[in-house]
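Number of protein chains: 2
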Amino acid sequence: MANHSLDTLFAALGDPTRRAIIERLAHGPAAVKELAAPHDMALPSFLQHIKVMEAGGIIATRKEGRQRMCRMEPNALIPLQGWLEWQRLAWEAQIHQQKD
Amino acid sequence: MANHSLDTLFAALGDPTRRAIIERLAHGPAAVKELAAPHDMALPSFLQHIKVMEAGGIIATRKEGRQRMCRMEPNALIPLQGWLEWQRLAWEAQIHQQKD
DNA sequence: AGGTTAGTTAGGATCATGGCTAACCATTCA
DNA sequence: TGAATGGTTAGCCATGATCCTAACTAACCT
Chain U
0 MANHSLDTLF AALGDPTRRA IIERLAHGPA AVKELAAPHD MALPSFLQHI KVMEAGGIIA
60 TRKEGRQRMC RMEPNALIPL QGWLEWQRLA WEAQIHQQKD
Chain W
0 MANHSLDTLF AALGDPTRRA IIERLAHGPA AVKELAAPHD MALPSFLQHI KVMEAGGIIA
60 TRKEGRQRMC RMEPNALIPL QGWLEWQRLA WEAQIHQQKD
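The listed protein sequences correspond, in order, to chains U and W.
Just so you know, numbering that gives the first Met the number 0 puts the end of the first sequence at 99, numbered straight through with nothing missing.
Just so you know, numbering that gives the first Met the number 0 puts the end of the second sequence at 99, numbered straight through with nothing missing.
Here it is in structure tokens:
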């Protein structure tokens, strides 16, 4: 649940590796190894991205045997959509005030 | 217009100072000085944030006399909304596939 | 002209990010 | 039991982000 900041969320999405992970997990859970496969990168480096996203509340992970399974935290991105929508509304309101 | 990357856009919004600038500009244009006022920060530091956002296509600026006026680039954030929406849809589609 | 205002340029300090290798642990399988 | 697999920890390094001060330029005001 945790109150994850927009800072953390936006920063997490600023990295293409991490967005790719989200794009993959949106289609269902996967183990670290599988997630890492397309990402020409050493496992420890990759794991850091996983940790960033877990810390940011974007994904959740748990150990199953020797694998670590990862899944989306589906509500995590809502604050971002909210903020963007808020800006859009403010902008449009401001447009409509521009009379004569 | 430019094809600004999600990388750049998300990264730009990862900083609270820059989000505050956007929040302010959503209500109408402003000069650098005015934007900087609430941000206990030296002007050169602040200017860098302005440059980051201009480079990212989020705002546009032009000199007017000795001031530099800044305004929103209203379509800049659309790719972000698009990406977020895309993820949401992928997630929901995946949910519905979970039968029996 | 001289001073004030707004911005700009240059250069430096500090810290976080994102990558690596090497070595280790825990689980599974033959 | 021993080897392979999947992950983890530790430590290193290069780069870039974010802040600063000092000094300069360009407009505007009296």
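Each residue gets a CB set at the ideal place from its N, CA and C atoms; glycine is no exception.
Buried/exposed call for residue i, threshold 16 Cβ in 10 Å
i, result
"H95 of chain W", "exposed"
"M52 of chain W", "buried"
"R17 of chain W", "buried"
"V77 of chain U", "Note that residue 77 of chain U corresponds to Ile in the displayed sequence, not to Val. Its Cβ having fewer than 16 others within 10 Å, I77 of chain U is exposed."
"Q47 of chain W", "exposed"
"L42 of chain W", "exposed"
"L34 of chain W", "buried"
"L79 of chain W", "buried"
Proximity below 7 Å, CB of residue i to CB of residue j
i, j, result
"R70 of chain W", "A59 of chain W", "yes"
"D6 of chain W", "P37 of chain U", "no"
"M68 of chain W", "A30 of chain W", "yes"
"G27 of chain W", "Q93 of chain U", "yes"
"F9 of chain U", "F9 of chain W", "yes"
"P73 of chain W", "W90 of chain U", "yes"
"G13 of chain W", "G13 of chain U", "yes"
CB contact below 7 Å: residue i versus chain W
i, result
"P15 of chain U", "yes"
"G81 of chain U", "no"
"A10 of chain U", "yes"
"Q86 of chain U", "yes"
Partner residues on chain U for residue i, Cβ-Cβ distance less than 7 Å
i, result
"P73 of chain W", "W90"
Partners in chain U for residue i, counting only beta-carbon separations shorter than 8 Å
i, result
"A19 of chain W", "What A19 of chain W touches in chain U: nothing, since even the nearest Cβ is about 11 Å away."
Neighbour flag for residue i against chain U, beta carbons, 7 Å
i, result
"D99 of chain W", "Unreliable placement is indicated for D99 of chain W, whose pLDDT of 48 sits below 50; the coordinate value is still reported in the next sentence. So no, D99 of chain W is outside the interface."
"D6 of chain W", "yes"
"L76 of chain W", "yes"
Listed by chain order, chain W residues near residue i by CB distance under 7 Å
i, result
"Q93 of chain U", "A25, H26 and G27"
Item to complete: Pull out every residue of the stretch 23-36 of chain U whose Cβ sits closer than 9 Å to any Cβ of chain W, in chain order.
Response: Listed in sequence order: L24, A25, H26 and G27.
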